[in-house]
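Q: Dropping a structure here in structure tokens format, bear with me for questions.
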Amino acid sequence: MLRVRDLVVGYGAIQAVRGIDLDIEQGEIVALIGSNGAGKTTVARAIAGLLSYSGEILFEDVRLKPNAAERNLRLGIALVPEGRGILGTMTVQENLLMGLYTRNDKAQAKLDLAVIHQRFPILAQRGHLLASLMSGGEQQLLAIGRALLSKPKLLLLDEPSLGLSPRMTDTVFAMIEDLRRDGLTVLLVEQKARQTLQIADRAYLLETGCVITTGPAKGLIDDPVVSETFLGSRTAAVHR
Amino acid sequence: MPGAGPGVPKTRSNATPTSPISFWDAFVLIQQLVNGLTLGAVYTLIALSFSLVMGVLGVLNLAIAELFMLGGYFGFAILLARLPLPVALVAGMAGAALVAAIVERIGYQPFRGAPVVTPMLSTLGFSIILQNVATNVWGSDPLQLSDEVLSGRFNIGPASISAIQLVVLSVTVLLVASLAFLVQQTSIGRALRAVAENRDVARLLGVPAGRITLIAFMLSGSLAGAAGVLIGVHYAAITPYIGVEVGLKAIAVMVIGGTTRIWGSLIAGPLIGIVEVMTVAYVGSQIRDFVVYGLMILILLLRPQGLLGSGRGDQSQRV
């Protein structure tokens with residue numbers, strides 16, 4: 001579904017992503033794990049079309065253009081950015097309506113909104129509340145609900161568990177599995193490696209802008225490279 | 001402190017005796033209030049024009065003062081061709097919106113991502129060029145309307161309001177209400193607010209941020225153009241320098257209302273209009289600008305968020 005080839009992204013003189021290949025097949029949950037600053041967010045933002053890059057990204061055999069987020073959304077790629085990207089000066093309902101911005105099928109869009117309200121009753125109850133006044137967990141539900149309203153084929157989630165309680169994290173992860181069951185393809189960017197690998201099909205481990213290991217997620221849970229990375233011994237060795 | 005020590009006569013006894021206000025005083029006061037509201041209405045429109053672009057892009061479009069002036073000239077061209085006032089109003093708005101689009105494409109778009117002072121300087125350049133164009137096309141002498149567009153006065157108690165003043169006030173109310181509806185209730189309005197709050201998030205939701213920016217400039221231009229037509233017919237004359245005289249004052253109005261909240265202009269516009277007219281009536285026209293811009297500096301010093309802003313880290317809606 002998505003093919004990334006030799007992706008290079010730089011911010012000024014710094015190369016955040018240094019030649020990454022990545023594939024996502026229809027219906028998969030693919031995890032992108034790695035420590036802070038490994039380049040995970042940059043990869044997600046490049047795929048979503050928020051950044052300029054070199055290399056090639058193909059989505060359903062269509063070549064994506066760098067820095068063309070509006071086009072990518074219309075092609076079926078939605079990103080829930082790190083920090084959720086809630087529009088805090090708007091109400092919860094207005095945020096959801098923004099999710100419908102690109103939809104031309106008004107009648108179906110209205111039905112989809114009703115489905116989202118049913119799935120996340122809190123968003124219906126708090127419809128007229130300013131979105132900034134909701135809790136972190138509620139905002140994450142709003143961000144995901146809003147992204148779903150654009151009818152994406154590929155959903156990119158950047159650190160959806162960031163700042164959430166363990167219970168809320170479980171809720172969000174269970175929801176991601178539900179979404180896959182409904183036929184959605186997901187790229188999950190996370191620091192919580194163990195929990196992520198438990199729901200993912202395949203995973204890529206990133207370090208300093210490169211893929212250092214990849215494979216089926218279940219196999220990576222006990223992979224020494226992964227545990228080293230997340231226990232910090234590898235980086236500690238480098239610094240020593 | 002004088003008056004605090006002993007032996008100084010109490011100031012209370014110096015107060016003017018409470019005589020009933022004469023009929024004439026009341027008449028002048030109410031008449032000045034009406035005049036101040038009319039001027040304030042025009043300030044409100046131009047201030048909204050400034051803060052629409054300011055809210056979405058954080059950029060002060062200095063060319064707006066001249067869009068206001070050009071709007072007036074476009075309107076006059078229609079009126080001099082003996083076409084009715086509504087047509088002149090539409091022409092002023094459309095013409096100014098078109099020029100605003102040119103300003104956006106040449107004076108703003110290429111400098112997106114540059115420090116905010118860069119597009120501000122380029123719009124300053126545009127402002128001077130537009131004034132120069134107007135001087136060359138229409139001359140530097142005031143262009144006069146030969147006969148009144150609308151005559152007649154309506155008496156309201158002791159004061160009276162001219163038909164033109166009524167038009168200025170009602171068109172302003174209509175435009176402000178339309179803008180409020182557009183911004184608050186429509187899909188384009190939500191997109192505008194989304195870009196104003198977070199351009200990246202807006203783009204992720206499929207909003208074409210570049211086109212929305214252009215729309216913001218054109219909406220802003222049309223408000224300035226409408227204000228130009230209104231002030232032109234109010235004075236029955238227009239000069240190429242009215243943008244500097246009247247248009248720039250709207251920046252003070254915007255600052256006083258609060259740059260982070262565009263609706264602050266709805267209070268600050270009439271307030272400044274009334275203050276200005278009262279200053280001229282009761283003190284003298286020589287200190288008019290001193291009072292208006294002095295008030296702006298005072299607000300910047302004491303309440304930089306403006307009358308309606310709510311402090312630092314303002315989470316309130318910008319557009």
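For the protein sequence lines, the chains are W and Z, in the order given.
The first sequence runs 1 to 240 under this note's numbering.
The second sequence runs 1 to 319 under this note's numbering.
The beta carbon of each residue, even a glycine, is placed where N, CA and C say it ideally should be.
Quick one: is L32/W near chain Z, going by C-beta distance under 9 Å?
A: Residue mapping note: residue 32/W aligns to position 32 of the first sequence, counting from 1. So, not an interface residue.
Q: Between R18/W and V8/W, how many whole angstroms is the CB-CB distance? I'm expecting something under 8 Å.
A: The sequence position of residue 18/W within the first sequence is 18, counting from 1. The sequence position of residue 8/W within the first sequence is 8, counting from 1. Contact holds; Cβ gap of about 6 Å.
Q: So with CB distances below 9 Å, who are the chain Z contacts of L50/W?
A: Counting from one through the first sequence, the residue named residue 50/W turns up at place 50. Going along chain Z in sequence order, the residues near L50/W (Cβ under 9 Å) are D200, R203, L204.
Q: Quick one: using the 10 Å Cβ neighbour count with 16 as the cut-off for buried, is N132/Z buried or exposed?
A: By 1-based counting over the second sequence, the position of residue 132/Z is 132. So N132/Z ends up on the exposed side.
Q: Using 8 Å for Cβ pairs, my map puts I176/W next to L188/W. What's the rounded Cβ distance?
A: Taking the first sequence and counting its residues from 1, one reaches residue 176/W at position 176. Taking the first sequence and counting its residues from 1, one reaches residue 188/W at position 188. The pair is a contact, with the Cβ atoms about 7 Å apart (cut-off 8 Å).
Q: Tell me whether T91/W sits in a helix, a strand or coil according to DSSP, three-state version.
A: The sequence position of residue 91/W within the first sequence is 91, counting from 1. Reduced to three states, the DSSP call for T91/W is strand.
Q: So, with DSSP's three-state summary, where would you put I86/W?
A: As a working note, residue 86/W is residue 86 in the first sequence. Looking at I86/W - three-state DSSP - the assignment turns out to be coil, as it is neither helix nor strand.
Q: Y204/W lies in the beta strand (DSSP E); which residues open and close that run?
A: Position 204 of the first sequence, counting from 1, holds the residue named residue 204/W. First-last of the beta strand (DSSP E) with Y204/W: 202–207.
Q: Counting only beta-carbon atoms, is A194/Z nearer than 9 Å to chain W?
A: For the purposes of this step, residue 194/Z is taken as the residue at position 194 of the second sequence. Chain W contact via Cβ: present.
Q: Is it true that the CB of L206/W sits closer than 9 Å to the CB of L32/W?
A: Position 32 of the first sequence, counted from the first residue, corresponds to residue 32/W. Position 206 of the first sequence, counted from the first residue, corresponds to residue 206/W. A contact, by the Cβ cut-off of 9 Å.
Q: Quick check on G99/W - is its C-beta less than 9 Å from some C-beta in chain Z?
A: What you label residue 99/W is simply residue 99 of the first sequence in a count that begins at 1. Yes, its Cβ sits closer than 9 Å to a Cβ of chain Z.
Q: Can the beta-carbon of R181/W be found closer than 9 Å to that of K151/W?
A: Working through the first sequence from its first residue, we reach residue 181/W at position 181. Working through the first sequence from its first residue, we reach residue 151/W at position 151. Against a cut-off of 9 Å, the Cβ pair of K151/W and R181/W comes out as no contact.
Q: Taking a Cβ distance cut-off of 9 Å, strictly less, list which residues of the segment 155–186 of chain Z are near chain W, in chain order.
A: Cβ contacts with chain W come from no residue of the segment 155–186 of chain Z.
Q: As a quick exercise: from Y282/Z, G294/Z, P240/Z, pick the residue whose alpha carbon is nearest that of K249/Z.
A: Counted from its first residue, the second sequence places residue 249/Z at position 249. Comparing Cα positions, the closest option is G294/Z.
Q: Sort P142/Z, G107/Z, L33/Z by Cα distance to F320/Z and report the nearest one.
A: The requested residue 320/Z does not occur in the structure, where chain Z is confined to residues 1 to 319.
Q: Mind checking the segment 98–128 of chain Z against chain W and listing, in chain order, the residues whose C-beta falls within less than 9 Å of any C-beta there?
A: For the segment 98–128 of chain Z, which is checked against every Cβ of chain W, not one residue is closer than 9 Å.
Q: Between the C-alpha atoms of T239/Z and G157/Z, what's the straight-line distance to the nearest angstrom?
A: What you label residue 239/Z is simply residue 239 of the second sequence in a count that begins at 1. What you label residue 157/Z is simply residue 157 of the second sequence in a count that begins at 1. Distance between the alpha carbons of T239/Z and G157/Z is about 35 Å.
Q: Which term fits N136/Z, buried or exposed, when burial requires 16 or more other beta carbons within 10 angstroms of its beta carbon?
A: Taking the second sequence and counting its residues from 1, the one referred to as residue 136/Z is at position 136. With fewer than 16 Cβ atoms within 10 Å of its Cβ, N136/Z is classed as exposed.
Q: Determine, using beta carbons only, whether N61/Z and F217/Z come nearer to each other than 9 Å.
A: To locate residue 61/Z, count along the second sequence from 1; it is residue 61. To locate residue 217/Z, count along the second sequence from 1; it is residue 217. Result yes, Cβ atoms of N61/Z and F217/Z sit closer than 9 Å.
Q: Check G215/W in the structure and name its three-state DSSP category.
A: Position 215 of the first sequence, counted from the first residue, corresponds to residue 215/W. Correct three-state label for G215/W: strand.
Q: Could you compute how far the alpha carbon of Q32/Z sits from the alpha carbon of V42/Z?
A: By one-based count along the second sequence, residue 32/Z stands at place 32. By one-based count along the second sequence, residue 42/Z stands at place 42. Whole-angstrom Cα-Cα distance: 16 Å.
Q: Pull up the distance between the alpha-carbon of S54/W and that of V30/W, whole angstroms please.
A: Translated into positions along the first sequence, residue 54/W becomes position 54. Translated into positions along the first sequence, residue 30/W becomes position 30. C-alpha separation (whole angstroms): 22 Å.
Q: Starting from N155/Z and walking both ways along the beta strand (DSSP E), at which residues does that stretch end?
A: For this step, residue 155/Z is matched to residue 155 along the second sequence. Element bounds for N155/Z: 153–156.
Q: Which same chain residues end up closer than 7 Å to A100/Z when comparing Cβ atoms and leaving out the 5 residues on each side of it in sequence?
A: Counting from one through the second sequence, the residue named residue 100/Z turns up at place 100. If we look at A100/Z and ignore the five residues flanking it on each side, its Cβ neighbours are L67, F217, M218, S220, G221.
Q: Below 9 Å on C-beta distance, what does M90/W contact in chain Z?
A: As a working mapping, residue 90/W is identified with position 90 in the first sequence. R190, R193, A194, E197, Q317, listed in chain order.
Q: DSSP three-state label for A94/Z, please.
A: In the second sequence, counting from the first residue as 1, residue 94/Z sits at position 94. Reduced to three states, the DSSP call for A94/Z is helix.
Q: Mind checking who K17/W pairs with in its DSSP beta bridge?
A: Working through the first sequence from its first residue, we reach residue 17/W at position 17. Strictly speaking, residue 17/W in this sequence is Val, with Lys absent from that position. Bridge partners of V17/W: V9/W.
Q: Could you have a look at E56/W and say whether DSSP puts it in helix, strand or coil?
A: Here the question's residue 56/W lines up with position 56 in the first sequence. Three-state DSSP puts E56/W in a strand.
Q: If contact means a Cβ-Cβ distance below 8 Å, which residues of the segment 38–53 of chain Z contact chain W?
A: Residues passing the 8 Å Cβ filter: none.
Q: Give me, in chain order, the residues of the same chain whose beta-carbon lies closer than 8 Å to that of I256/Z; leave out the 5 immediate sequence neighbours on both sides.
A: For this step, residue 256/Z is matched to residue 256 along the second sequence. Closer than 8 Å at the Cβ level, and outside the excluded window around I256/Z, lie G264, A268, L271, I272, L295, M296, I299, G306, L307.
Q: The alpha helix (DSSP H) that contains E132/W, what's its start and end?
A: Walking along the first sequence from the start, residue 132/W turns up at place 132. The question names Glu, yet the displayed sequence has Ser at residue 132/W. No alpha helix (DSSP H) holds S132/W; DSSP gives it neither H nor E.
Q: Below 8 Å, how does it come out for the segment 37–56 of chain W and the segment 68–83 of chain W: are there three or more Cβ pairs, yes or no?
A: Contact between the segment 37–56 of chain W and the segment 68–83 of chain W is present, because at least three Cβ pairs lie under 8 Å.
Q: How should G158/W be labelled, buried or exposed, when 16 other C-beta atoms within 10 angstroms of its C-beta is the threshold for buried?
A: By 1-based counting over the first sequence, the position of residue 158/W is 158. Per the sequence presented here, residue 158/W reads as Asp, with Gly not at that position. Buried: at least 16 other Cβ atoms inside 10 Å.
Q: When you compare only the Cα positions, how much space is there between R261/Z and G309/Z?
A: Looking up residue 261/Z in the second sequence gives position 261. Looking up residue 309/Z in the second sequence gives position 309. Using only the alpha carbons, I get a separation of about 6 Å.
Q: Taking a Cβ distance cut-off of 7 Å, strictly less, list which residues of the segment 137–167 of chain W are near chain Z, in chain order.
A: Residues S150.
Q: Taking only three categories from DSSP, how would you classify D289/Z?
A: Residue mapping note: residue 289/Z aligns to position 289 of the second sequence, counting from 1. Looking at D289/Z - three-state DSSP - the assignment turns out to be helix.
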